[in-house]
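Peer 1: Chains A and B supply the protein sequences, listed in that same order. Per our numbering, the very first residue in the first sequence carries number 1; after that it's consecutive. Per our numbering, the very first residue in the second sequence carries number 1; after that it's consecutive.
Number of protein chains: 2
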Amino acid sequence: MTRALTRKGAATRARIVVGAAAEIRERGVDEVRLEDVMAHTGTSKGQLFHYFPDGKEELLLAVAQHEADQVLLDQEPMLSNLTTWPTWLAWRDRLIERYRAQGVKCPLNGLLGQTGRRAPGAQAIVVGLMWRWQTAIAEGVRRMQSTGDIAPDIDADRTAAALLAGIQGGVLLLLSTGRTDHLEAVLDLTIDSLRAGARTA
Amino acid sequence: MTRALTRKGAATRARIVVGAAAEIRERGVDEVRLEDVMAHTGTSKGQLFHYFPDGKEELLLAVAQHEADQVLLDQEPMLSNLTTWPTWLAWRDRLIERYRAQGVKCPLNGLLGQTGRRAPGAQAIVVGLMWRWQTAIAEGVRRMQSTGDIAPDIDADRTAAALLAGIQGGVLLLLSTGRTDHLEAVLDLTIDSLRAGARTA
DNA sequence: CCAAAATTGGACCTGCAAGTCCAAAACCCG
DNA sequence: CGGGTTTTGGACTTGCAGGTCCAATTTTGG
């Protein structure tokens, strides 16, 4: 079934997903036609429906998964190693740098706003992404607590939830305003707050 | 020009905007057809294009403005009177209650994600909303500083920016997960942090 | 090297939703 | 009341994007 994929076929499929993802990031989900994807990836309509029998919806789902994975990969290796303050700051810098560079071209926006409504599966992908993201942050907080760098009475999960929300909102506001002020404020204030608490313990 | 509106005409126009807004909140921007609006508001195509000559785009813009205004109105009178801790908490409760009730049906999502790309004017509306929102919060922080309830060394604008981002992200996550956990965490942790700082001053 | 299966190209179909048009009805004001 | 204007209804046009189909070509495995 899924085993019916030649090396060449797999390559084409991947090319379509990556190309479509780029196109969508650039111009938004509902501005991208299948024809655009075809042109941009050098494929034909027959190929699109060969690799994605359910058409656009299935393609969007694949793109969503691809983009979601990418979001977390971009934060490595910091995100998985939030064990010292320098790492936290490096993570902070990476986030800001990444989103500043990317500007208005946000994969998440497309995933959440548009794809989410259509494909029920996309919802699950986003939830999965957020869950992994938040878990990684919470894990970081706990490790810092174990070394005494963060006060033990802090609720790691709740803090991670708030920080994640702040990041998402910061990115969202970046999309509207074009500025990273909000994202920076969230990260700086939250991290400062966590550091300040350490001495209290 | 705009004065060529009979009392009846104005009523019809308003009915269209309100009805379209409800429809969009319920089912998402790109799931709502003009025909749906017509059915839901008891109007004809002729009327739609009579009151919104530029068609769907112009209608969406009007809806966006309407929804944006509504967002802030829903937070009154608390948002304009963040002068005591009880008011802050009441504001917090109102926000959570409102978004919990509204669930996945979020006007902002539609405005930002979909409308934003299409109509350049919608972008401006969202920015305006965020600006007013953030300004109101910052004003609240400053007033609390003037009464000594919040530490004077806190950067009101930056704090407001972070809080606003947190709220937006919290709502965004509510859309994906269906839970208000993130929103609550942001509000509680931020407000607690502000209160804790007071004694330091 | 051959048959079966996967891959590819692109013409064609189809449905739908935005937008156009105009004539009928209601309304306003002197 | 009466002429001009606004309001209303709904049939019709149009373009387009997703999806179908199939025949040609390449690849694979034995």
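Positions of the beta carbon are idealized from the N, C-alpha and C atoms, including for glycine.
Alpha carbon to alpha carbon, how far is Thr6 (chain A) from Leu61 (chain B)?
Peer 2: Those two C-alpha atoms are separated by around 49 Å.
Peer 1: Give a yes or no on contact between the region 46 to 66 of chain A and the region 95 to 102 of chain A, applying the rule of three or more CB pairs nearer than 8 Å.
Peer 2: At 8 Å Cβ cutoff, the stretches do not touch.
Peer 1: With a threshold of 8 Å between beta-carbons, can Ala11 (chain B) be considered close to chain A, or not?
Peer 2: Closer than 8 Å: no.
Peer 1: Can you give me, in chain order, the residues of the region 128 to 152 of chain B that have a beta carbon less than 7 Å from any beta carbon in chain A?
Peer 2: Those residues of the region 128 to 152 of chain B that come within reach of chain A (Cβ to Cβ, closer than 7 Å) are Met130.
Peer 1: Name the chain A residues whose beta carbon is nearer than 8 Å to that of His182 (chain B)?
Peer 2: By Cβ distance, chain A contributes Ala161, Ala162, Leu164, Ala165.
Peer 1: Give every residue of the same chain whose Cβ lies closer than 6 Å to the Cβ of Cys106 (chain B), excluding the five residues on either side of it in the sequence, and list them in chain order.
Peer 2: Cβ neighbours of Cys106 (chain B) beyond the five flanking positions: Leu175.
Peer 1: Decide if the region 145 to 158 of chain A is in contact with the region 171 to 189 of chain A; the criterion is three or more beta carbon pairs, one per stretch, under 8 Å apart.
Peer 2: Taking 8 Å as the limit for Cβ pairs, the verdict is that the region 171 to 189 of chain A does not touch the region 145 to 158 of chain A.
Peer 1: Using CA atoms only, rank isn't needed, just tell me which of B:Asp181, B:Glu35, B:Gly42, B:Arg92 is closest to Gly55 (chain B).
Peer 2: Checking every option, the nearest Cα to that of Gly55 (chain B) belongs to B:Glu35.
Peer 1: Give the interface partners of Gly170 (chain A) over in chain B, defined as CB-CB distance under 9 Å, in chain order.
Peer 2: Chain B residues near Gly170 (chain A): Ala161, Ala162, Ala165, Gly166, Gln168, Gly169.
Peer 1: Which residues in chain B have a C-beta closer than 8 Å to the C-beta of Gln102 (chain A)? List them in chain order.
Peer 2: Under the 8 Å cutoff, chain B gives no residues; its nearest Cβ is about 16 Å from Gln102 (chain A).
Peer 1: Just how far apart, CA to CA, sit Thr135 (chain A) and Ala160 (chain A)?
Peer 2: In a straight line, the C-alpha of Thr135 (chain A) is about 8 Å away from that of Ala160 (chain A).
Peer 1: Looking at Gln75 (chain B) and Trp91 (chain B), is the spacing between their C-beta atoms short of 8 Å?
Peer 2: It is a contact, given that the beta carbons lie within the stated cut-off.
Peer 1: Quick check: Gly9 (chain B) and Thr41 (chain B), are their CB atoms within less than 8 Å of each other?
Peer 2: Not in contact: Gly9 (chain B) and Thr41 (chain B) (Cβ atoms no closer than 8 Å).
Peer 1: Say whether chain A places a C-beta atom closer than 8 Å to the C-beta of Glu69 (chain B).
Peer 2: Note on identity: in this sequence residue 69 (chain B) is Asp, with Glu being the wrong assignment. Not an interface residue.
Peer 1: I'd like the span of the alpha helix (DSSP H) that includes Ile16 (chain A), first residue to last.
Peer 2: Segment 7 to 27, the alpha helix (DSSP H) holding Ile16 (chain A).
Peer 1: Per DSSP, what kind of secondary structure is Pro152 (chain A) in: helix, strand or coil?
Peer 2: Reduced to three states, the DSSP call for Pro152 (chain A) is coil.
Peer 1: List the endpoints of the continuous alpha helix (DSSP H) containing Pro86 (chain A).
Peer 2: That run of the alpha helix (DSSP H) goes 85 to 102.
Peer 1: I think Leu95 (chain B) touches Trp133 (chain B), with their Cβ atoms under 8 Å apart; what is that distance to the nearest whole Å?
Peer 2: About 11 Å separates the two Cβ atoms, so there is no contact after all.
Peer 1: So which residues on chain B does Ser193 (chain A) lean against when the C-beta distance must stay under 7 Å?
Peer 2: Within 7 Å Cβ-Cβ: Ser193.
Peer 1: So, using beta-carbon positions, are Arg143 (chain A) and Leu187 (chain A) closer together than 8 Å?
Peer 2: No; because the gap between Cβ atoms is not below 8 Å, this pair is not in contact.
Peer 1: How long is the line joining the alpha carbons of Pro53 (chain A) and Ile137 (chain B), rounded to whole angstroms?
Peer 2: In a straight line, the C-alpha of Pro53 (chain A) is about 50 Å away from that of Ile137 (chain B).
Peer 1: With DSSP run on the structure shown, which of helix, strand or coil describes Glu53 (chain B)?
Peer 2: The sequence as given places Pro at residue 53 (chain B); Glu does not occur at that position. Reduced to three states, the DSSP call for Pro53 (chain B) is coil.
Peer 1: Note down the Cα distance separating Arg15 (chain B) from Met78 (chain B), rounded to an integer number of angstroms.
Peer 2: Cα to Cα, the separation comes out at about 29 Å.
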